[in-house]
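Numbering (the numbering used here), first residue to last: 58 to 396.
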Ligand code: UT7
């Protein structure tokens, strides 16, 4: 038994922000951002749009693609929830008219989509659910300091979703086996210091003043993260291939988390992946964390870079640190242009 992808959908908010737009408040240039990251523009939420709204848009499209309007559970992977409490997923389920199904959030930053696929597959394998709507949704630009040039150019907002149903391990769309890992010793390389219980308990104690403004925003040490990302994704991708019994040459499409085009290329090189098998969309959307992989799958399927029968390798890396990889054969499903 396996979890099989039966539908896909993606959405990006309408507000497109170019590098030049960002550089009106940022000490950077379009050339630096393009050459160091591969990003030309990203979408950013405005007008009160939040992760919940993005999740609903992608979720509705995935349900439509799957040809149904009911599922047994909803899981949302996000690191930019509307509020610390409650989770976004129950509200998303209600707004999509899915009733009182089990619904919860999962936080694993940029590897959230791979962790979430494994979780959804577990719900199906344990008979908790026969079908799951799994959404990666992020309004993460709200967590980034707009004048911090080390983080502001990198992130974008968006959402991507899949409907998973119970099926056979050897049918197209079946996800797994998985390779997942973490290294919490390096948690501080990518973190938002304030907002959680650590900061709250500290600021409530004697001798602690107000939280410095920058602590509400993401802090990132780009260089060591870059090295970790390349190493962890390469090793994890190989482990997932070993588990399914494919060689690198069998992979038609390497759908990698979109953190930096140079990271995608470096992992592809490290794996000795044949040329032209690592599609990207980071140029248009930036790093959308848990939405990155489903958005890329959606974009690649629309462009014809992902065709039914293609052997697909998924790999992600992010804060935690956390990483994960899995494989699937691309199924015959309806795909629509994102947005
Ligand atoms: O999503 C998963 C987690 N995230 C990642 O995996 C991110 C991994 N890291 C990266 O993608 C890259 O490290 C960055 C894109 C963040 C940075 O690129 P880099 O090539 O590693 O640059 P750097 O941090 O080593 O900085 C090089 C120079 C520095 O100046 P000096 O010291 O050489 O004079 C920086 O101050 O570039 C400077 N710099 C900038 N200059 C213009 C850093 N950010 C900018 C900027 N514009 N936005």
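Backbone N, C-alpha and C fix where the C-beta goes; we use that ideal spot for every residue, glycine too.
Please read these numbers as outputs of a predicted model, since none were measured by experiment.
Neighbour-count burial assignment, residue i, 16 or more Cβ in a 10 Å radius
{"i": "residue 351", "result": "buried"}
{"i": "residue 109", "result": "buried"}
{"i": "residue 198", "result": "buried"}
{"i": "residue 195", "result": "buried"}
{"i": "residue 92", "result": "exposed"}
{"i": "residue 336", "result": "buried"}
{"i": "residue 269", "result": "exposed"}
{"i": "residue 58", "result": "exposed"}
{"i": "residue 154", "result": "exposed"}
{"i": "residue 183", "result": "exposed"}
{"i": "residue 177", "result": "buried"}
{"i": "residue 94", "result": "buried"}
{"i": "residue 254", "result": "exposed"}
{"i": "residue 257", "result": "exposed"}
{"i": "residue 88", "result": "exposed"}
{"i": "residue 360", "result": "exposed"}
{"i": "residue 334", "result": "buried"}
{"i": "residue 204", "result": "exposed"}
Heavy atom of ligand 3 within 8 Å of residue i beta-carbon
{"i": "residue 374", "result": "This structure does not include ligand 3; its bound ligands are ligand 1."}
Close beta carbons around residue i, own chain, < 6 Å, minus the five adjacent residues each side
{"i": "residue 144", "result": "161, 162"}
{"i": "residue 376", "result": "166, 247"}
{"i": "residue 387", "result": "363, 365, 367, 369"}
{"i": "residue 300", "result": "234"}
{"i": "residue 125", "result": "none"}
{"i": "residue 130", "result": "158, 159, 180, 186, 189"}
{"i": "residue 243", "result": "378"}
{"i": "residue 102", "result": "70, 196, 214"}
{"i": "residue 152", "result": "113"}
{"i": "residue 115", "result": "66, 67, 68, 192, 216, 217, 218"}
{"i": "residue 391", "result": "122"}
Beta-carbon spacing of residue i, residue j below 9 Å
{"i": "residue 344", "j": "residue 322", "result": "no"}
{"i": "residue 308", "j": "residue 298", "result": "yes"}
{"i": "residue 164", "j": "residue 138", "result": "yes"}
{"i": "residue 170", "j": "residue 348", "result": "yes"}
{"i": "residue 399", "j": "residue 305", "result": "The first residue shown for the chain is 58 and the last is 396, placing residue 399 beyond what the model contains."}
{"i": "residue 222", "j": "residue 187", "result": "yes"}
{"i": "residue 215", "j": "residue 111", "result": "yes"}
{"i": "residue 100", "j": "residue 71", "result": "yes"}
{"i": "residue 384", "j": "residue 232", "result": "yes"}
{"i": "residue 310", "j": "residue 324", "result": "no"}
{"i": "residue 107", "j": "residue 64", "result": "no"}
{"i": "residue 113", "j": "residue 74", "result": "no"}
{"i": "residue 173", "j": "residue 118", "result": "no"}
{"i": "residue 358", "j": "residue 168", "result": "no"}
{"i": "residue 241", "j": "residue 346", "result": "no"}
{"i": "residue 83", "j": "residue 280", "result": "no"}
{"i": "residue 294", "j": "residue 236", "result": "yes"}
{"i": "residue 272", "j": "residue 250", "result": "yes"}
{"i": "residue 120", "j": "residue 128", "result": "yes"}
{"i": "residue 393", "j": "residue 229", "result": "no"}
{"i": "residue 225", "j": "residue 342", "result": "no"}
{"i": "residue 267", "j": "residue 382", "result": "no"}
Other residues of its chain near residue i: CB distance less than 7 Å, five sequence neighbours each side excluded
{"i": "residue 320", "result": "283, 286, 287"}
{"i": "residue 327", "result": "287, 291"}
{"i": "residue 201", "result": "208, 209, 212, 274, 275"}
{"i": "residue 356", "result": "338, 395"}
{"i": "residue 86", "result": "80"}
{"i": "residue 400", "result": "Nothing can be reported for residue 400: it is not among the residues displayed for the chain, which extend from 58 to 396."}
{"i": "residue 380", "result": "168, 238, 289, 290, 293, 373, 374"}
{"i": "residue 318", "result": "94, 95, 337, 339"}
{"i": "residue 353", "result": "312, 315, 336, 338"}
Residues bridged to residue i [DSSP beta-bridge criterion]
{"i": "residue 218", "result": "66, 192"}
{"i": "residue 124", "result": "Answer is none; residue 124 lacks a bridge partner."}
{"i": "residue 318", "result": "Beta-bridge pairing links residue 318 to no other residue."}
{"i": "residue 344", "result": "212"}
{"i": "residue 249", "result": "Paired residues: none, contrary to the question."}
{"i": "residue 236", "result": "382"}
{"i": "residue 279", "result": "The partner list for residue 279 (beta bridge, DSSP) is empty, contrary to what the question assumes."}
{"i": "residue 371", "result": "312, 383"}
{"i": "residue 307", "result": "Residue 307 pairs with nothing; no bridge assigned."}
{"i": "residue 295", "result": "According to DSSP, residue 295 bridges with nothing at all."}
{"i": "residue 75", "result": "98"}
{"i": "residue 224", "result": "59"}
{"i": "residue 163", "result": "134"}
{"i": "residue 231", "result": "61"}
Chain-order list of residues whose beta-carbon lies under 8 Å from that of residue i (same chain, five-residue window excluded)
{"i": "residue 141", "result": "252, 253"}
{"i": "residue 134", "result": "162, 163, 164, 165, 169, 170, 172, 173, 191, 192, 193, 194, 347"}
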